[in-house]
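First to last, the protein sequences are chains Z and L.
Counting from 54, one number per residue, gives the positions in the first sequence under the working numbering.
Counting from 2, one number per residue, gives the positions in the second sequence under the working numbering.
All C-beta atoms, glycine included, are put in the ideal place defined by N, C-alpha and C.
Since this is a predicted model, take the numbers as computed values, not measurements.
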Amino acid sequence: MKVAYWPGCVSRGFTPELHGSMALLAPLLDIELVELDRACCTGAGVIAEHNQELADTLNARTFALAQQVDGAELMMNICSTCQGAQSECQERLDANAEYRSHVNETLSAEGLTYVKDPARPLTNKNFLWLLVEEIGLEELRSKVRRPLTNLKVGPFYGCYIVRPRPRLGIDEEHPRDHYLEQVIEALGGTVIEYAGMRKCCGFPIITMNKEASLKQAGRHLGDAVDADADCLVTPCPLCHLNLDMQQPLAEGVVGRELNMPVLHLPQLVGLALGLEPKELGLSRHVVRPTPVIDWSTSVVGAAAPAGGW
Amino acid sequence: MAETHKPPEKFTLRLRRYDPEAGEAPYWDEHTIELEPHRSVLEAILQAKDRFDGSIGVRCSCRQAICGSCGIRVNGEPALACHTHLDAAKRSAKDGVIEIEPMGNMPVLKDLIVDMDAVHWKKIQRVTPWLIAKQPVPEREYIVSKESMVDVTQTMGCIQCGACVSDCLAMEVDPGFIGPAALAKAYRFVGDPRDDEHEVRLRDLAEDPQGIYDCTHCFKCVEACPKDVNPMGQIMRLRRIAGNDFDIVDQNNGERHEATMVGLIRDYGLLHEAEMVPRSYGGNSWFGKFHPAAGKELLSSLPIVIKGVLRRKVNIKIAIFGHKIAKQDLKGVQAIYDKVEGRKERYELNLYITGEDEPTQDAAAVPLAAAQSSTEGSAS
Numbered sequence: 054m055k056v057a058y059w060p061g062c063v064s065r066g067f068t069p070e071l072h073g074s075m076a077l078l079a080p081l082l083d084i085e086l087v088e089l090d091r092a093c094c095t096g097a098g099v100i101a102e103h104n105q106e107l108a109d110t111l112n113a114r115t116f117a118l119a120q121q122v123d124g125a126e127l128m129m130n131i132c133s134t135c136q137g138a139q140s141e142c143q144e145r146l147d148a149n150a151e152y153r154s155h156v157n158e159t160l161s162a163e164g165l166t167y168v169k170d171p172a173r174p175l176t177n178k179n180f181l182w183l184l185v186e187e188i189g190l191e192e193l194r195s196k197v198r199r200p201l202t203n204l205k206v207g208p209f210y211g212c213y214i215v216r217p218r219p220r221l222g223i224d225e226e227h228p229r230d231h232y233l234e235q236v237i238e239a240l241g242g243t244v245i246e247y248a249g250m251r252k253c254c255g256f257p258i259i260t261m262n263k264e265a266s267l268k269q270a271g272r273h274l275g276d277a278v279d280a281d282a283d284c285l286v287t288p289c290p291l292c293h294l295n296l297d298m299q300q301p302l303a304e305g306v307v308g309r310e311l312n313m314p315v316l317h318l319p320q321l322v323g324l325a326l327g328l329e330p331k332e333l334g335l336s337r338h339v340v341r342p343t344p345v346i347d348w349s350t351s352v353v354g355a356a357a358p359a360g361g362w
Numbered sequence: 002m003a004e005t006h007k008p009p010e011k012f013t014l015r016l017r018r019y020d021p022e023a024g025e026a027p028y029w030d031e032h033t034i035e036l037e038p039h040r041s042v043l044e045a046i047l048q049a050k051d052r053f054d055g056s057i058g059v060r061c062s063c064r065q066a067i068c069g070s071c072g073i074r075v076n077g078e079p080a081l082a083c084h085t086h087l088d089a090a091k092r093s094a095k096d097g098v099i100e101i102e103p104m105g106n107m108p109v110l111k112d113l114i115v116d117m118d119a120v121h122w123k124k125i126q127r128v129t130p131w132l133i134a135k136q137p138v139p140e141r142e143y144i145v146s147k148e149s150m151v152d153v154t155q156t157m158g159c160i161q162c163g164a165c166v167s168d169c170l171a172m173e174v175d176p177g178f179i180g181p182a183a184l185a186k187a188y189r190f191v192g193d194p195r196d197d198e199h200e201v202r203l204r205d206l207a208e209d210p211q212g213i214y215d216c217t218h219c220f221k222c223v224e225a226c227p228k229d230v231n232p233m234g235q236i237m238r239l240r241r242i243a244g245n246d247f248d249i250v251d252q253n254n255g256e257r258h259e260a261t262m263v264g265l266i267r268d269y270g271l272l273h274e275a276e277m278v279p280r281s282y283g284g285n286s287w288f289g290k291f292h293p294a295a296g297k298e299l300l301s302s303l304p305i306v307i308k309g310v311l312r313r314k315v316n317i318k319i320a321i322f323g324h325k326i327a328k329q330d331l332k333g334v335q336a337i338y339d340k341v342e343g344r345k346e347r348y349e350l351n352l353y354i355t356g357e358d359e360p361t362q363d364a365a366a367v368p369l370a371a372a373q374s375s376t377e378g379s380a381s
């Protein structure tokens, strides 16, 4: 399937391994990524905090660009925060025709228009949602080359992709706040549930209240350690910054060793589909994902005889 | 439409019991009750108390989601016991047993009763929860716009149940955070044109390290609220008014963080992460990094920065120069900034006031003759 692909900023900045692994993974899942390289940052909720109309207009610009991608079935992102920020703007734009034309008037300077067409609505899905709803768990299962047998994975969603439920289309038919568990299982891994899996990583207040921010990250990571997880997986690069990059500092704040590797969702899926830890950029993380790499080498070693050497 | 009544069913409740005065650890208690599935969790608790164990501690009064007394956690999520149907609670239960706990972030007095005085009401008092009338007080009434009063009714809808306080994730790690309920209450007065102390209120809440900039933007309170008060949304509006209308530059980097992010996206189109920290501490310009506050912060982050560079996580070129969208597109983005920021007044769509309109695109496309004939048809 062809998608208008919004990679976000952080996946091309401080977590380049995320964008890289998504690009490697896409062909294995028959996803054609048409990158929205003309679009700007979603504002991550902060521009909306500053000026709602500004955030709505900038994101409407991105939606308009996505609607221009020929043959794209939908728009896809790889960042919980992008998903949340864009869904918030789209909610306002779709709710009020007068407001939409007001915003479109600003966009007209570039010859762009965001169209709300009930027959062909702009659907914007995080890669996680796309995996479960478009590709399907059965199809995903059939593509697994290296099942995550005995790998204990703790999900970490990121606030923006689980709340508020009505805005994000989460209901009993679409339990999007349980998709990570479903994906981990489909890949053959073991789901580790722990208290912090749908809580806040603390990133939004890292410059305002560093101690509280790191305490949040440290506490959730500690919960995952106590629940015996080998690693966490997250669809949010901002959570990744606080959980992985800041983990050494979080250890100091919560006063315990954590050493908990945090994987991006495309990395975990990539591993199961047979990609190598190195090409997925696992070595670029601040916390070395040693348990995951050890696991992957042992599985490859075990699988090798079947290849006939 | 009258729904057909379903016969009573058995529901099992798992209640968290705790009596701090008894000196024993909390424990779980299970009771199976029988009620129609549309009845409330509160009725189920009361039946268990009535039939099996009179010592279950629960607080309730109106039983119709208006008094705010029966805030609890159902299957780990904050809710009003009287406002949660048993069938829905069973569906969201992990193992078919409805798990009932007291609210979080507040000390338990007994079983499901928490000490609202110790936390919730103290925080409400913190924000001066009364109107400080604009002087001179008019002889008759104040004349204000209808929209501004409809706007504050959203926060006036708060029934003080404490559901948002219970699950506030900032308060979980920083108990001193003023919190969602009290800050929503603060907006009730900052948004009220009759109040005379908007700036004093905002400066107080912005400068407090546990004030408006301590909110982690996690949407927990938005989801917890049974009355659609949208506490986080109100906190964001407090920030917007403090930073934009009163130019309050707080000691917590709150306003600088916002200005930095907004400024960087204007300049680059994308987030320039390496500049976020120095500018949030040292001020929103390239020179921000040379401010002593920024220097101190950067120094403490140095080991991480070095590690990031060594692991090739952080590309030095991107760290120094940032990444940008194409020139032509950046111009388009900046034109949007100029136009929107150049308006005399911020244009803010408040769905609470406007509601969602009909899909007018289609309605407008209906030919006039067709619309007329349908009107005639309905009239005859």
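- Shown here, Z:N179 sits in a strand according to DSSP, grouped into three states.
- Under the three-state reduction of DSSP output, L:Y143 falls in the coil class, being neither helix nor strand.
- For L:A327, the three-state secondary structure derived from DSSP is coil.
- Looking at the DSSP output, Z:N130 shares a beta bridge with Z:W59, Z:N179.
- In this chain, Z:P314 is not harboured by any alpha helix (DSSP H), its DSSP state being neither H nor E.
- The beta carbon of L:A182 lies closer than 6 Å to those of C165, V166 in the same chain, with the five residues before and after it left out.
- Taking all protein chains in view, the Cβ of L:S149 is surrounded by fewer than 16 other Cβ atoms within 10 Å, so the residue is classified as exposed.
- Listed in chain order, the alpha helix (DSSP H) runs fully inside the region 113 to 141 of chain L are 123 to 127, counting runs of at least 4 residues.
- Annotation: the region 94 to 132 of chain Z contains the following complete segments of the alpha helix (DSSP H) (minimum length 4 residues), in chain order: 99 to 103, 105 to 120.
- The Cβ-Cβ distance between L:L352 and Z:A172 does not fall below 9 Å.
- When DSSP reads this structure, L:P79 sits in a beta bridge with L:R74.
- By the beta-carbon neighbour count (other beta carbons within 10 angstroms, threshold 16), Z:R216 is buried.
- Rounded to whole angstroms, the separation of the alpha carbons of Z:L321 and Z:P288 is 10 Å.
- Selection Z:I346, Z:L333, Z:V340, Z:P342 evaluated against Z:L78 yields Z:L333 as nearest (Cα-Cα).
- Where L:E298 is concerned, the enclosing alpha helix (DSSP H) starts and stops at 293 to 311.
- In the DSSP assignment, L:F12 is bridged to L:I34.
- In the three-state reduction of the DSSP assignment, L:I67 falls in the coil class, being assigned neither a helical nor a strand state.
- In this structure, L:G163 lies away from L:M233, with their beta-carbon atoms at least 9 Å apart.
- The secondary-structure analysis by DSSP pairs Z:P208 across a beta bridge with Z:V286.
- At a cut-off of 9 Å between beta-carbon atoms, L:P181 makes no contact with chain Z.
- For L:G270, the closest Cβ of chain Z is nearer than 9 Å.
- Taking C-beta separations shorter than 8 Å and ignoring five residues to either side along the sequence, the partners of Z:H273 in its chain run F209, Y247, A248, G249, M250, K252, C254, L296, following chain order.
- Using a CB distance cut-off of 9 Å, Z:K268 counts as an interface residue toward chain L.
- In the DSSP assignment, Z:V307 falls within the unbroken alpha helix (DSSP H) covering 300 to 307.
- Burial state of Z:L183 is buried, judged by a 10 Å Cβ sphere holding 16 or more other Cβ atoms.
- Inter-segment contact for the region 223 to 240 of chain L and the region 266 to 276 of chain L is absent: fewer than three beta-carbon pairs are separated by less than 8 Å.
- Per DSSP, the continuous beta strand (DSSP E) segment holding L:V109 begins and ends at 109 to 111.
- The shortest CA-to-CA distance from L:F53 to any of L:C63, L:L87, L:R64, L:I34 is the one to L:I34.
- Inter-segment contact for the region 244 to 257 of chain L and the region 278 to 288 of chain L is present: three or more beta-carbon pairs are separated by less than 8 Å.
- Classified as buried, Z:L86 has 16 or more neighbouring CB atoms from the shown chains inside 10 Å of its CB.
- L:G333 places its beta carbon less than 9 Å from that of Z:E163.
- Annotation: the continuous alpha helix (DSSP H) that includes L:L206 extends over 199 to 208.
- Sequence-ordered contacts of the region 139 to 152 of chain Z with chain L read R145, A148, N149, A150, Y152 [C-beta pairs closer than 7 Å].
- Z:E158: member of the alpha helix (DSSP H) spanning 150 to 160, first to last residue.
- Assignment of L:I160 by DSSP, reduced to helix, strand and coil, places it in the coil class.
- Not flagged as an interface residue toward chain L: Z:G242, since no C-beta distance is shorter than 9 Å.
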